[in-house]
Every structure is written in structure tokens, then in C-alpha cells.
Amino acid sequence: MSAPIGIVGAGTFGQALAVAVQRGGEPLLYSRSEREESYATTDATELARCELIFISVPSPHIPKVAQLLAPHLDGRHLLVHVSRGLIGDELQTVSRHLRANTPARRVGCLAGPLSAAALAGGVPGGGIVGTQFPEVADAVRAAIEGSNLRLYDSSDTVGVEVASAMVGLLAMQAGFCLERKIPPSAMAVMMDRGLAEAARVGTLLGGDPETFHGMAGSGDLFAALGGDERAEVRLGRALANNFDLTAAGKKAGAHIEGLTIARRVAAFAERRGFEAPIAAITAKALEGSMTIEEGLEHLMKR
Amino acid sequence: MFKKLLSKPMRLPRLKPYVPAPEDPAIFWFNSERDDIIREVVRRLVERYDGDRTSLEYALNEVAFHETRRLESQRDEEAKQGLGYWRGLLRRIARMSDDAKRDALRGISQRMSRDIAGNFDPRVYQLATKVTPRLLTGVMSPSALPSAIAKIGAPAIDEMLRAEGEIDLLKRLEKIGTLVYVPTHSSNLDSMALGYSLMQNDLAPVVYGAGKNLFSNPIISFFMHNLGAYRVDRRVRARLYKQALKTYSCVMIERGYHSLFFPGGTRSRSGMLERKLKLGLAGTAVEAFSRNQVFGIDRPVWFVPTTINYGLVMEAETLIEDHLKLTGEGRYVIEDDEFSSVDRWVTFFRKLIGTQGACVIRYGRPVDPFGNPVDDEGRSVAPGGTVVDPGTYLYRHGEPVLDRRRDAAYTRELGETLLDSYERNTVLMTTQLVAHTLFRRLVRETPGIDLFGRLRFRGDIRVPREELLVDIGETRDRAAVLEKSGRVQLSRTVRGGTPEELLDRAIAVWDGYHTRCVARQVGSDIVAEDPTLLLYYQNRLVTYALDVASEPDMAAAKEISLLGVQL
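Quick mapping for you: the protein sequence lines, in order, are chains D and W.
The numbers in the working numbering rise by one with no breaks, and the one at position 211 of the first sequence is 211.
The numbers in the working numbering rise by one with no breaks, and the one at position 505 of the second sequence is 505.
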């Protein structure tokens, strides 16, 4: 019998992963609280039996999870995360954090326009695995790919991770624009410049600008604009309806990485001396020192 | 005639063969294994093209094409002998049968491997350990000879070269695994300095690929030939040759020969610390470890990140000039630099005789092929402090497997680990610190001018000596703080000398070796005479520029820190 596929975190995405894995293999779903599924566990030592482990927790929890997993891992384990976030003020990517804080070296991320629904098998969809290690992409495919789910891969892990995080930010703006009926042309300008900005951040962190025009960048953004109503879009819509940040966050449901990332990207850009106007005005809008309309006007006038 | 003699390997006559003792390192058996190693290299090269007719034909075409082109432009004895063969092959390939192609491949692989394979003569090694230091001291400074011989065990050269870092650990590790030294590269002297340092510290000798151009100096050639160096001919561009080199290196490491590569690929032209590595040969060590594991041989491979730090760099002038060339690419192989000139050698060593710690070699903490540092027992310690079995990194579906692409990814990540270790193990030398302080002054006094503009300020910038001394003192104090936090190392003089001592020593070391004056004192001022050489020496501090600057120098430091990104 082959090893079970580990999943850390039982949020919407983690559960969908478990369903996808169940189609052809045996999932092992780790969460802190007891769950009723037969494959759920609250014992992290059990994860040592797995070869492939998905990590499906929001990026602020990654350091804790890395600490929790480290004693149970060795060189055998392949770690793949699905967080749409970057860690700390230096914007460390999640895979770099995992690499630097656990024995695992073969790490990657699963990103792109992948929805929980596509994973669970209801609707067709696709995504991308960012990893330097071909066997990680192979393992992910073997674990969850199905007739309805197509997975691409890229060796530019950093690019995929940064793209994924920055698209989260853009999706929030897209939600706002859609709700406020901002003209499509203005919205397109903002999205396009937003991707270019994302590519600048990504390049500085060691990624390849091309990646941002692929599945992890524009591919993912198309899905957000196409109406996948992901949490970030819902947050943007809520903000457009003048909910304050906490209320909007609650309305959107899941944890939103975009809330702090705008501020951190803007500060990072300033320290490194490059332009990131979209992150900067988003940060200002979120902290309330500028309305989003003022921000848009500011962007248009630049 | 004399030249031709030199290009032939010089060997000692086989009168009384040396019988290696059991505790001798693997290299002492090299000569008896040599043919077997060559056979294995050829076997693997041929196997690579087994059953793939298209790529076999392509490989033959490629090697014939490149060799013909190279020899046509070379027009020497080698060309006269070889050109006919390659031209003939080029004509025949299309008509050759598969068997004939394979035979041709085997023949070419054999010739290449023989050309690459080195030689190790334990007698020469022993001669080298006992005699070279005194001999070198004598050659470089004849007046010191009698006293050097009188002072048993402390010849001047031992004072020039200082080793620090994980030496005791290396002594333990070299007995249980294979060490791969991966030092920074700034001079052609590096391999000799490192080889000598290993000897000085009773560490086992290493094999390494030396550029064929290094063999042109007869004395060096003799030692290289007999101390296990293998020959790398950088003029040969064919892919097959590169594969032969890598395979040779892989087989050697698999068999437990401690090795040496310069991951920088070529000497640092700018004087900066390596920022990008060429990891082809380092990759062979990762592959060697995987192969052994898959075949059940549990011999660890450890990389030893090492920094080689000079207060005075023999080829500084040529290197920085090459770095600054605006038109076209820098040269990958420089054949006509200070290294090939005898009088530069003599001046260089005369200059350095008696300078304590003119070269500091620092051995960093060894890491396994997956970037995990090893503890005192040679166990890999993963982040978080857990001990891991490095063999597990090769597992897939529960067993170790071979996978080239995986190993390539591991090698790339290893590169990051090495760069990080270089930065922490760099030893800042007096000349570098003084050059940095003076160059920063130059930048501060010339706002809004680009680097090339600044380099034209020859002798135009004067700094009152007293002011500069304060700067040097402050810069050193800040560097000392960095050292405390483990981000860099300082040489003894930098750590303990007064600012006066630092400044005077730097000027004294430069003076008389470099053909151009770097800096000098005029009245009560210090004049920056040669910004280009100052740039070269100060470049070692580019990564630390922001940390060692005080407030008035911050703007200049920012510009300097960007040098590493721009050029």
C-alpha cells in the first residue's frame, strides 16, 4: 500500500484537497480540532508516514506549522503549500520559509485559478505547481489530478508564489471595481498595471517576470475577473459597500492575505527604491487615510 | 624546444615505488586506480549515448566541429597532429555505421579522459610537505634563507598564510567521508595557497581541475602533475569534453577522493564576493553522493565553503581592468596576466615575506549536499535542530533513486547556502577596509557622478590624514559589531590594530607591488591616487557597505552597495 497524502489545515481548501485525494488514494487530514472524517487526525506525528504533504493554512500561521512539522519530517517528505501570502516585512515566500525551517527541501506551491469546487471534482478547472523539483509536480498530479482538473508546472517557485499573493491583492480591487461599476477600461488599466507591479516585486525577490503572464499570474486573475467570487473579490465588494475592514473581512469569510500584504509590499518597494503605486494606494485605502476613489483618481493622473 | 618539454608531464623515475599505508588518504592509491577510473569514465560516457542514434551522431558532429574550429585557429603542434583526424571524422560521420560511431565515441572519450586524468606521486607530496616552504622562502627572499633554515618549523611562508575555522572538524570528517572544498576565487594562487594550507594543517590533499594554462610554469607544472591535479582545457568547447570532465569528477568523488572546485567558475574580476555560482562541478558531487547511496555505499559527501582572503592580490590590476571593460564581455580566460610573469612573482612574494597573515584561509562549517550543516560527529543537522539522514533526500516511493533533474535542483539550492556561508566567513583584510573608507570618501566628494567618471579622479581627492583615521576607526568598530553578530570576520590586524596601523600597513602593502600607486601621503593629507585599484580592494565590502557606514557617509554607502547590483 502506498503512503497516505497528508493535508495540514481543514479549511475549505484543505477539505477540498482531501476529497480530491480520496478519489485515487488515502488522505490524512491534520487539524488542531477533532473532526468526524475517518481520515482526520489531531496527531502531527502521523504525518511522518506521508511522502507528499499539502499545507493549507493562511500564511501568518505558516511559521507555527513549520515548527510543528519540523520534528516529524526528513529528506523524504515533499511539501506543497496553497497559501496566497508572503511572510514578514521582507516578503519571504512560504516555500522559502518551509525550506529554511524544516528538514524538507523538496517544496513547492499549488496556485493558479484553482478553486475548491474544481478540486472537489464538481466543475472543470486547473492550476499550476511551482517547484524546482520535477518529482514534486509529479506527486501532486498523481495525488489530485482528475479528468476535470488540469495541472501545469513551473520551476519558478518564487514567481508563482509572488504572483499568487499579488493576484489576491488585485482580486480584492477587482471586487471593489465590479461593485462600484468602475468602467471596464479603467479597471483593465488597473489590473494590467497591477500585474506589471507584481512582476517587479517578483523579479526583485528572485522570480522570473514571465511567470506573471502565465497561469499563476494572469491566468489566476482571469478567474477572479471571470466571476469566481473568491474570498478576495467578496472582500472588495464589501469594502465598496462601505463596510469597515473588520466587518468586510467577516462578510468575506475566509482569512484574507491581501489585508496586510498591500502595506508590506508598499513598504518593501519604498525601501528597495522601486515603484509600486497600486500596492501603495491600496494600503492607504485599507488603513483609511485615503478613499479608494481618491486612490483611483490618483492612479489615473499619474 | 624547452617549451615543448615543459608541456609534457614531468615525473620522477620509478625507482622505489611508495607503498601507501592504510591510514593514508585515498589519493595515495590513485596511481593504481587510475586506469580503472579512466575505464569507468569512458564506460559512462559511451553508455550515455546507448540506443540513442540521433544524439550520438549529434555529439560526434559537435565535437568534430568544435575541435576543427579550435585547432584551425590554434596552428601549433597539437593542431598539426589532430586536425586531420577531426576533419576526416566530420566528413565521414554521415556515412558511418552505428558500430563505427560508437567506436569513434569510445576512442574520443578515451583520449579526453586520459588527457584529463591526473597523477599523484606520494614521494612528490612528501617532498612538497618538507621542502617547498623553505625552498619558496629561499627563492623569494634569498637573504632570509639562512635564518629561515635556522628557525626550524617557522619559515616565513607559514607566517604569510594563516588558516582558521573548522580545521579540527575537517580532520575528523575527512576520515569518514569525502570532502569537497568550494572556496571563493580571486587569484590563480588560490589552488596553491589552499593546497599548501591543507598540508600545513595536516589535512589530506585534494584533487582538482586546473586550467591547462597553469601548467605552463615549469615549477608549478611539476607539482600540479604529481599532486593529483587533473587538467581542464578551457579552449575545448565540445559538450562531450564537459561531460568527460564532470564524469571524471563524479567518479573521483564516488571513490572517496577529496576534491576542490571553485564554484565562482573564474576569478572574481571585480574583487567582489561571488554572487552567482557556476555549479556544474559541484553538481557532480551531489550526483556522486546519490549514486553511492543508490548502490548501497553509505559514504557521506560534505561541502566545505571556504574563503580565501588576500591583503594583496597578485593579478588585481588585470582583473579590475577586465571587469571595467565597457565594450563586450570580459575575458573568461586571461593568459597574459601577472601570474604568468616571473618578476611579478618575485616582487609579490618579496613584498609579502614577513607580512603576517597576508593571506587568510577560513574553512567554514561543512554542509551536506542538501545544505544542512554537520555537527561535530558528522551528522546532518536540519533547521530546527533535528538530525537527519542525508540519504533520505534521495528517496522516492520509499527508496533512494537516481534523478538528474532533482539533483540539479538540489545543486542550485546548495549554491544559495554557499553564497550565504561565503558572506559570513569572509575575512575583511586591512587593505580592503582602508580602500573602502577612502573610496567612500571619494564617492562622497563627487556627488552625482557615475562610477566611470569617478575612476578618472586620479590623485584629485585628498583627505586630511587625521580625518581619514577617524573614518577608519569608526568603520572598523562597526565592522566589529557585524563580526560579533556572525555576519563577517575580521583579520587580526583589522580587529586589533589602531587606525594608524591599519592605514600605514595598507599603504605599505600596496606600495612597491602594484605598478601604479594606490594611495599615498602628501604632507598631512592622504591622496587617493588610483581609484580603480581602490575600487578593486574596497569591492569586498560592497555587501556590508550600509552596515559599516556612519551617518554622514550613508548616501555614499548606498551608492557603493548598489555597485553589486549594477555591474
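Ideal placement from N, C-alpha and C gives every residue a C-beta, glycine not left out.
Source: prediction; values computed, not measured.
Check whether residue i and residue j have beta carbons under 8 Å apart
i         : j         : result
Leu273(W) : Tyr422(W) : yes
Val162(D) : Gly202(D) : yes
Ala288(W) : Met112(W) : no
Lys351(W) : Leu394(W) : no
Thr68(W)  : Leu56(W)  : no
Val207(W) : Phe261(W) : no
Val301(W) : Thr178(W) : yes
Met215(D) : Gly295(D) : no
Leu29(D)  : Ile7(D)   : yes
Ile461(W) : Tyr248(W) : no
Val158(D) : Leu110(D) : no
Arg105(D) : Phe349(W) : no
Ala276(D) : Arg200(D) : yes
Ile5(D)   : Glu26(D)  : yes
Arg444(W) : Asp553(W) : yes
Thr211(D) : Ser289(D) : no
Interface flag, residue i vs chain W, CB-CB below 8 Å
i         : result
Asn148(D) : no
Ala100(D) : yes
Glu135(D) : yes
Pro209(D) : no
Gly75(D)  : yes
Pro71(D)  : yes
Minimum Cβ-Cβ distance from residue i to chain D less than 8 Å
i         : result
Asp553(W) : no
Ala382(W) : yes
Pro146(W) : Here Pro146(W) scores only 47 on pLDDT, less than 50, and its place in the model is too uncertain to base an answer on.
Glu413(W) : yes
Leu567(W) : In this prediction, Leu567(W) scores a pLDDT of 44, lower than 50, which makes its location untrustworthy; the coordinate-derived value is nonetheless stated afterwards. No, its Cβ sits nowhere closer than 8 Å to a Cβ of chain D.
Tyr393(W) : yes
Ala409(W) : yes
Asp24(W)  : no
Asp403(W) : yes
Lys151(W) : Bear in mind that the predicted position of Lys151(W) carries a pLDDT of just 48, short of 50, making it unreliable; the figure below should be weighed with that in mind. Cβ-Cβ to chain D under 8 Å: no for Lys151(W).
Rounded Cβ spacing between residue i and residue j (contact assumed at less than 8 Å)
i         : j         : result
Leu221(D) : Thr93(D)  : Contact doesn't hold; Cβ gap of about 19 Å is too wide.
Ala66(D)  : Asn101(D) : 4 Å
Ala528(W) : Leu438(W) : 5 Å
Ser491(W) : Val427(W) : 5 Å
Tyr410(W) : Val232(W) : 24 Å between Cβ atoms; not a contact.
Ile267(W) : Leu402(W) : Looking at the sequence shown, residue 267(W) is not Ile but Arg. Going by Cβ atoms, the distance from Arg267(W) to Leu402(W) rounds to 34 Å, so no, they are not a contact pair.
Lys101(W) : Leu45(W)  : Their Cβ separation, rounded to whole angstroms, is 13 Å, which puts Lys101(W) and Leu45(W) out of contact at 8 Å.
Ala262(D) : Ala238(D) : Actually they are not in contact, since the Cβ atoms of Ala262(D) and Ala238(D) sit about 16 Å apart, beyond 8 Å.
Contacts that residue i makes with chain D (C-beta to C-beta distance below 8 Å)
i         : result
Gly564(W) : What Gly564(W) touches in chain D: nothing, since even the nearest Cβ is about 14 Å away.
Arg406(W) : Arg106, Phe133, Pro134 and Glu135
CA nearest to the CA of residue i, picked from the options
i         : options                                       : result
Ile449(W) : Glu500(W), Ile560(W), Leu533(W) and Ala506(W) : Ile560(W)
Glu466(W) : Ser485(W), Pro499(W) and Ser249(W)            : Pro499(W)
Val542(W) : Ala557(W), Ala104(W), Val180(W) and Pro531(W) : Ala557(W)
Gly415(W) : Pro400(W), Asn372(W) and Asn292(W)            : Asn372(W)
Asp190(W) : Trp302(W), Lys175(W) and Thr307(W)            : Thr307(W)
Val518(W) : Thr247(W), Ser524(W) and Asp530(W)            : Asp530(W)
Glu483(W) : Val548(W), Ile297(W) and Arg462(W)            : Val548(W)
Met429(W) : Glu254(W), Leu563(W) and Trp510(W)            : Trp510(W)
Asn148(D) : Met300(D), Phe13(D) and Ala20(D)              : Ala20(D)
Glu229(D) : Leu47(D), Ser185(D), Gly168(D) and Ala285(D)  : Gly168(D)
Arg516(W) : Phe303(W), Asp337(W), Phe28(W) and Leu533(W)  : Leu533(W)
Ala16(D)  : Ala70(D), Ser115(D) and Ser33(D)              : Ser115(D)
Leu68(D)  : Leu52(D), Asp89(D), Glu46(D) and Ser83(D)     : Glu46(D)
Amino acids of chain W, ordered along the chain, whose beta-carbon sits closer than 8 Å to that of residue i
i         : result
Pro103(D) : Asn372, Ala382, Pro383, Gly384, Thr386 and Val388
Residues that residue i contacts on chain W, provided the C-beta gap is smaller than 9 Å
i         : result
Pro124(D) : Within 9 Å Cβ-Cβ: nothing; Pro124(D) doesn't reach chain W, min ~29 Å.
Gln92(D)  : Here the premise fails: no neighbours, minimum Cβ distance about 13 Å.
Under 7 Å by beta carbon: chain D residues contacting residue i
i         : result
Arg396(W) : Glu135
Beta-carbon neighbours of residue i, restricted to chain D and to distances below 9 Å
i         : result
Asp420(W) : What Asp420(W) touches in chain D: nothing, since even the nearest Cβ is about 10 Å away.
Min CB distance residue i to chain B below 8 Å
i         : result
Leu110(D) : Of the protein chains in this structure, namely D and W, none is chain B.
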